[in-house]
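What follows is one structure encoded as structure tokens, with my remarks underneath.
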Amino acid sequence: MKQRALLSTMLTALVTTGLLAGCAAEPKPTQGGKEPTVANVRNQVVNVYSARNYPVDERLYAQFTKQTGIRVNVLKGNAEELIERLKREGQSSPADLFVTVDAGVLNNAREHGVLQPLAATAIAQNVPWRFRDKEDYWVGLATRARVIAYAKARVRPDQLATYEDLASERWQGKVLVPSSTSLYNQSLVASLIQVDGEQAATAWVQGIVRNMSRKPEGGDRDQVRAIAAGAGDVALINTYYYGQMLHARDQEEVKAAQQVGIIFPNQQTTGTHVNISGVGLTKAAKNKANAIKLIEFLTAPDAQALIAQENGEFPVNPKAEQPELLKSWGAFKAQQIDFAQLGADNKQALEILTAAQWQ
Ligand code: FE
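Quick look at the structure:
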């Protein structure tokens with residue numbers, strides 16, 4: 002996810018360029034019970050409001066259109082703004098699907114009443130129950146782990162094993178983090194509230210603030226670059242950004258990532274924080290069948306393999322082929338949390354971050 006400002010600009014740009022024009026049009030009904038013709042399949046659409054901003058998604062939407070003839074219109078934006086928009090538009094919303102990167106946000110969308118259950122056998126077969134909402138209001142598309150990145154030249158991986166270690170005195174002046182506006186940090190703290198309790202989560206946040214090597218800035222990739230530049234020794238990042246940098250065309254990115262190693266924290270204790278990126282069917286969906294077809298496509302092994310290959314996320318479909326990098330990380334113990342609770346605990350997480358002056 003990029004900065005909110007950029008996403009807002011993109012959202013405006015898409016609206017003004019009319020990419021969503023004609024979205025609300027119903028697909029033409031087939032006449033006299035005949036099979037759909039190529040012509041009326043071409044009139045079919047599915048409209049997506051997406052807070053995911055990864056090139057692999059565009060590739061998959063294009064593949065879906067090629068395969069089915071169904072056009073995919075995408076409006077990108079900040080997740081919160083998109084949920085507000087869905088609420089405002091109500092039943093007249095052109096959106097069929099809401100896509101975002103955080104299980105807490107998916108649950109918020111459900112709580113705000115903008116989604117409806119999507120019971121579809123194929124989706125249930127593609128995605129194990131633990132990556133789906135209990136009542137099918139949303140389904141995972143991929144997962145990501147929030148791990149510790151370290152400077153290979155200055156840190157031995159056996160010097161730290163847990164999130165808690167990062168808050169200890171040893172790492173004073175060495176820790177790099179994005180700002181508290183990062184949803185990824187907010188959800189990590191929300192997960193710690195769930196796993197360790199509010200007190201421990203608060204103490205952890207205070208410890209990280211104490212240990213920061215600089216004012217929080219930039220996204221996860223920037224933390225990797227900062228480690229390579231010597232601005233700090235350890236950082237919290239999502240796995241796929243590291244993978245993307247290792248495979249980047251820009252050799253500077255590759256060089257930076259090569260100086261960094263990653264550790265899956267809390268393997269002997271509470272497990273590594275894993276979050277879900279997923280999709281929900283909107284309550285106002287007018288192209289329901291097409292929307293479900295798109296989710297079936299995105300969760301099938303081929304699309305899942307491409308998400309893993311191109312974006313470095315973990316597939317939710319266990320049948321998907323994993324790229325070498327992900328395989329090389331091997332199996333790891335994931336934090337056992339109630340994903341729905343992440344959204345509920347977000348406010349408290351933000352309060353803890355703000356109170357500790359995590360900027
Ligand atoms: Fe991201």
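Quick note: this note's numbering has the sequence shown finishing at residue 360, numbered continuously throughout.
Idealized CB from N, CA, C, for every residue including glycine.
Problem - Limits of the unbroken beta strand (DSSP E) element including F99 - result: Counting from one through the sequence shown, the residue named residue 99 turns up at place 98. Where F99 is concerned, the enclosing beta strand (DSSP E) stretches over 98 to 101.
Practice task
Give the DSSP-derived three-state secondary structure of P316 in the structure shown.
Solution key: Locating residue 316 in the sequence shown gives position 315, counting from the first residue. Here P316 sits in strand by DSSP.
Problem - Stretch-stretch touch, CB-based, cutoff 8 Å, three pairs: the stretch 273 to 292 with the stretch 245 to 254 - result: no
Practice task
Indicate the three-state DSSP secondary structure (helix, strand or coil) for S214 in the structure shown.
Solution key: Your numbering for residue 214 matches position 213 in the sequence shown. Coil at S214, not helix or strand.
Handout entry: Straight-line Cα distance separating S188 from P266
Key = Here residue 266 refers to the residue found at position 265 when the sequence shown is read from its first residue. Here residue 188 refers to the residue found at position 187 when the sequence shown is read from its first residue. Using only the alpha carbons, I get a separation of about 16 Å.
Practice task
Just the C-alpha distance for Q349 and G70, rounded to the nearest angstrom, thanks.
Solution key: Working through the sequence shown from its first residue, we reach residue 349 at position 348. Working through the sequence shown from its first residue, we reach residue 70 at position 69. The straight-line gap from Cα to Cα measures roughly 45 Å.
Practice task
For P118, verify whether its CB is less than 6 Å away from any heavy atom of the ligand GDP.
Solution key: With respect to small molecules bound, the structure shown includes the ligand FE and not the ligand GDP.
Practice task
Pick helix, strand or coil for G70, following the three-state DSSP scheme.
Solution key: In the sequence shown, the residue the question calls residue 70 occupies position 69. Three-state DSSP puts G70 in coil, outside helix and strand.
Problem - Nearest-angstrom beta carbon gap, A335 and G272 [assumed within contact, 8 Å] - result: Within the sequence shown, residue 272 is the residue found at index 271, counting from 1. Within the sequence shown, residue 335 is the residue found at index 334, counting from 1. G272 to A335, Cβ: 5 Å. Contact.
Handout entry: Paired residues, beta bridge with S51 - DSSP
Key = Position 50 of the sequence shown, counted from the start, is the residue given in the question as residue 51. In DSSP, S51 forms a bridge with K77, V100.
Problem - DSSP-derived helix/strand/coil call for Y138 - result: By 1-based counting over the sequence shown, the position of residue 138 is 137. The answer is coil: DSSP assigns Y138 none of H, G, I, E or B.
Handout entry: Proximity of A143 and I308 at Cβ, strictly below 7 Å
Key = Sequence index remark: in the sequence shown, residue 143 carries index 142 (1-based). Sequence index remark: in the sequence shown, residue 308 carries index 307 (1-based). Yes; because the gap between Cβ atoms is below 7 Å, this pair is in contact.
Exercise for the section: Would you grab the beta carbon distance between G233 and A168 for me? Rounded to a whole angstrom, and I think it's under 8 Å. Expected result: Residue mapping note: residue 233 aligns to position 232 of the sequence shown, counting from 1. Residue mapping note: residue 168 aligns to position 167 of the sequence shown, counting from 1. Between A168 and G233 the Cβ distance is about 14 Å, and since that is not below 8 Å, they are no contact.
Handout entry: In DSSP terms, what S274 is bridged to
Key = On the sequence shown, residue 274 is found 273 positions in, with the first residue counted as 1. Contrary to the premise, residue 274 reads as His rather than Ser in this sequence. H274 pairs with R147.
Problem - Where the alpha helix (DSSP H) through G244 begins and ends - result: Residue numbering aside, residue 244 sits at position 243 when the sequence shown is read from its first letter. From DSSP, the alpha helix (DSSP H) with G244 extends over 240 to 247.
Practice task
Grab me the residues of W139's own chain with a C-beta within less than 6 Å of its C-beta, minus the 5 sequence neighbours each way, in chain order.
Solution key: As a working mapping, residue 139 is identified with position 138 in the sequence shown. Excluding residues within five positions, the ones whose Cβ falls inside 6 Å are L107, G279, G281.
Practice task
Report the partner residues of V261 according to the DSSP bridge assignment.
Solution key: If you number the sequence shown from 1, residue 261 lands on position 260. DSSP, once it has assigned bridges, lists A152 as partnering V261.
Practice task
Specify, as a first and last residue, the run of the alpha helix (DSSP H) that S329 falls within.
Solution key: Counted from its first residue, the sequence shown places residue 329 at position 328. Per DSSP, S329 belongs to the alpha helix (DSSP H) from 325 to 330.
Practice task
Examine the Cβ distances between the stretch 208 to 228 and the stretch 239 to 249 and report whether three or more of them are shorter than 8 Å.
Solution key: yes
Problem - Q200 - DSSP class collapsed to helix/strand/coil - result: Here residue 200 refers to the residue found at position 199 when the sequence shown is read from its first residue. Looking at Q200 - three-state DSSP - the assignment turns out to be helix.
Problem - Outcome for R171 when other beta-carbon atoms lying within 10 angstroms are tallied against a minimum of 16 - result: Taking the sequence shown and counting its residues from 1, the one referred to as residue 171 is at position 170. By the 10 Å Cβ count, R171 comes out exposed.
Exercise for the section: Identify the continuous alpha helix (DSSP H) that holds V225 and give its terminal residues. Expected result: Taking the sequence shown and counting its residues from 1, the one referred to as residue 225 is at position 224. Taken as a continuous stretch (DSSP letters only), the alpha helix (DSSP H) holding V225 covers 221 to 229.
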